[in-house]
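Residue numbers (our numbering): 904 to 1139.
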């Protein structure tokens, strides 16, 4: 990671490359008290520039990865991210990460929080709809996802409490009515969900706790073409 993201230009690269990341306390790396396992990786707003290496994500013990605020961090998400099977929080806001999520995201079976606001990702990660531990999700101003699809089953995840999928242009089924009771907050403005929307969306202020905005499309069948009258029989 240090080499592929111009480590010498990071704001804080203390001890990176020296010995063991836990024992030598690399900047942004948090480890268990016994120093045996990495559990936190936070290099947010640290001037990372470049792409993630193909091996990035092979953190079997990490529960938190935060890389937000690095607007020169680009490229796609490596397939190895799926090996972070203990990951609970994954935050990549305000980066230039782009492309689709790899199918290996389905391996993040403990994930609770994911945030990719203001990134260049091009499709909603449908694998999230099968991660039953998911609680908080945020994809705001991800305009490159325009036209992609959010699975209906996503809305049925049992532990959801906060959903911010705003200004993404997604298509799919409208959130169910019981979302009003189950979620503490959500913003689904500027998408293309099927009408009708949940009735608890309040007002026109996107800063309210529950907001739907311009997110509803109606589908209607075309009017039937009238059957032309039968021609009058010719006189014999």
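Even glycine gets a Cβ: it sits at the ideal position worked out from N, Cα and C.
Rounded separation between residue i and residue j - CA only
i: residue 1035; j: residue 1017; result: 13 Å
i: residue 1100; j: residue 1119; result: 7 Å
i: residue 976; j: residue 1040; result: 21 Å
i: residue 958; j: residue 1103; result: 44 Å
i: residue 911; j: residue 1060; result: 42 Å
i: residue 925; j: residue 954; result: 24 Å
i: residue 1115; j: residue 960; result: 34 Å
Boundaries of the beta strand (DSSP E) in which residue i is found, first to last residue
i: residue 1043; result: 1039-1043
i: residue 1015; result: Careful: residue 1015 lies outside any beta strand (DSSP E) and carries neither H nor E.
i: residue 954; result: 952-954
i: residue 976; result: 975-978
i: residue 967; result: 967-969
i: residue 934; result: 932-934
Proximity to residue i [Cα-Cα], best of the options
i: residue 985; options: 977, 968, 978 and 1076; result: 968
i: residue 973; options: 1043, 994 and 957; result: 994
i: residue 1063; options: 962, 1070 and 1079; result: 1079
i: residue 1086; options: 1076, 947, 921 and 1112; result: 1112
i: residue 982; options: 1004, 1021 and 992; result: 1004
i: residue 1076; options: 1097, 1067, 1070 and 1065; result: 1097
i: residue 1020; options: 935, 997 and 1001; result: 997
i: residue 940; options: 904, 989, 1083 and 921; result: 989
i: residue 964; options: 1058, 932 and 1054; result: 932
i: residue 921; options: 1088, 1091, 1029 and 905; result: 905
i: residue 1070; options: 1053, 1081, 987 and 1091; result: 1091
Complete alpha helix (DSSP H) runs within the segment 1038-1105 (minimum length 4 residues, chain order) = Within the segment 1038-1105, the complete alpha helix (DSSP H) runs of at least 4 residues fall at 1082-1085.
Taking one C-beta from the segment 1019-1028 and one from the segment 1045-1057 each time, how about it: are there three or more such pairs within less than 8 Å?
-> Yes: the two stretches touch, three or more of their Cβ pairs being nearer than 8 Å.
Within the chosen definition, does the segment 915-931 reach the segment 945-956 through at least 3 CB pairs nearer than 8 Å?
-> Output reads yes: the segment 945-956 touches the segment 915-931.
In chain order, each beta strand (DSSP E) run of at least 3 residues that lies wholly inside the segment 985-1010 | As for any beta strand (DSSP E) of minimum length 3 sitting wholly inside the segment 985-1010, the runs are 992-994 and 999-1002, ordered along the chain.
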